[in-house]
Amino acid sequence: MGPYPKRVSPAPSWTGWDDTGILAPVDAPEISDLLIAYDPDTLARLPVRRSAVVERLRAAGRPGAARIAARLPARDDVLDEAAVDALLLRVHAELQRLSEEFDQGERVRSVLAPLLDALRAAGAPRPLRVVDVGCGLGYVVRWLAARGGLGPDVELVGCDYNGALIASARAAARDEGLSCRFHVANAFTLREPATVFISTGVIHHFRGDALVAFFREQARAGALAFVHFDIKPTHLSPLGAWIFHQARMREPLSRHDGVLSALRAHAGAALLSAARAGAEGLSSALFDGDIGLFPVLRVMHAVVGVRPDLRAPLVERLGPRGRRLGAFS
């Protein structure tokens with residue numbers, strides 16, 4: 009996926025599980041966050057030392073993750089880029105299957121389509137460009153292109169730092185005959201700026217000041233709105249993630265990072281605080297923020313940001329779903 013902007017991890021918070029069931033730091037890095045490094049200006053790939061990854065994971069209290077990293081192919085202690093890319097392609101293929109089972113495309117469309125209608129009514133410049141930040145294999149973008157029915161005035165773009173993932177996304181879109189584009193790029197510095205930024209399962213990777221900067225960069229890029237879906241943290245989500253990943257995932261890295269993702273997911277209050285601090289000029293609210301009596305029925309929530317004049321039109325166009333949108337700032 010790549011840092012948008014550079015991620016910063018604060019001191020660990022010891023409130024989760026590790027590989028052996030012992031308390032482990034929620035703010036420990038996921039393995040996939042450490043396997044590839046990029047120059048922040050050119051996006052050129054930088055060498056990553058396997059020993060440094062192993063030591064970072066051990067220091068973070070993740071012994072099982074350190075063992076997974078220690079088995080990765082390396083030459084003179086530098087991780088083999090081709091092997092890392094192949095691993096990440098397998099992991100993202102498993103993530104795509106998860107997205108299919110959780111109906112992530114429809115989940116995004118249910119908020120995005122009314123938002124685009126509100127933008128049209130407000131006279132937003134065309135085309136309405138929707139940019140997926142950290143798109144991976146581009147599943148959501150491709151789903152929207154194939155089934156979203158968003159209209160001919162909408163452009164769908166996916167961005168990721170990883171060239172192997174983008175190449176796979178482009179090949180899939182070409183084979184499926186879809187009208188969407190994918191770029192190896194920083195989503196916030198595209199020549200053709202976004203109207204709306206979206207993401208799924210990305211924002212828990214950003215911690216502390218980096219989460220605020222994530223929203224600040226969207227405002228600086230001139231976006232009129234954003235919709236970012238991520239895991240909704242509840243008392244059941246870590247156990248549910250562990251059961252699901254043990255049953256459905258085959259890659260050890262997928263199993264480890266999937267459970268840690270659930271543990272690291274931001275509470276709604278933290279997302280709203282970061283969005284309101286970073287995205288000046290945009291009003292923020294939570295979609296599906298209320299846990300309710302049966303939290304297992306809502307595995308994702310979203311932080312939604314819009315121009316103040318779009319708040320009422322969005323709620324109106326959401327229809328009955330408008331009840332699931334919290335109060336705007």
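First residue of the sequence shown: 9, per the working numbering; consecutive thereafter. Even for Gly, the Cβ is constructed at its ideal location relative to N, Cα and C. As the structure is a prediction and not an experimental result, all values here were calculated from the model.
Below 8 Å, too few C-beta pairs join the region 254-265 and the region 196-204 to call them touching: fewer than three. According to the DSSP secondary-structure assignment, Y46 is paired through a beta bridge with R53. Within the same chain, and ignoring the five residues on either side of L120 in sequence, the residues whose Cβ sits closer than 8 Å to its Cβ are V138, L152, G156, L158, V204, I206 and V235.
Excluding sequence positions up to five before and after V62, its CB lies within less than 6 Å of the CB of A74, A77 and A78, all in the same chain and listed in chain order. In this structure, the straight-line span from the alpha carbon of E324 to that of S59 is close to 54 Å. Under the three-state reduction of DSSP output, T208 falls in the strand class. If only uninterrupted alpha helix (DSSP H) runs of at least 4 residues are considered, none is enclosed by the region 90-123.
Taking C-beta separations shorter than 7 Å and ignoring five residues to either side along the sequence, the partners of D93 in its chain run A172, following chain order. Check the Cα spacing between R332 and each of V312, P37, P316 and D317: the tightest is with V312. Taken in chain order, the whole alpha helix (DSSP H) runs of length 4 or more contained in the region 227-281 are 245-256 and 260-272. In the three-state reduction of the DSSP assignment, L290 falls in the coil class, being assigned neither a helical nor a strand state. In chain order, L54 place their CB closer than 7 Å to the CB of D47, counting only its own chain and leaving out the 5 sequence neighbours on each side. Inter-segment contact for the region 212-225 and the region 181-190 is absent: fewer than three beta-carbon pairs are separated by less than 8 Å. Inclusion of F237 and R150 in the CB contact set at 8 Å is not warranted, their separation being larger than that value. Annotated three-state conformation of F295 is strand, per DSSP.
When rounded, the separation of the alpha-carbon atoms in H309 and L294 is 7 Å. Going by DSSP, R155 is part of the alpha helix (DSSP H) stretching over Y147 to R155. Close CB contacts of W250 within its chain, under the 7 Å cut and outside five residues either way in sequence, are with V267 (chain order). Counting C-beta pairs closer than 8 Å gives three or more between the region 213-233 and the region 281-288, which meets the contact rule.
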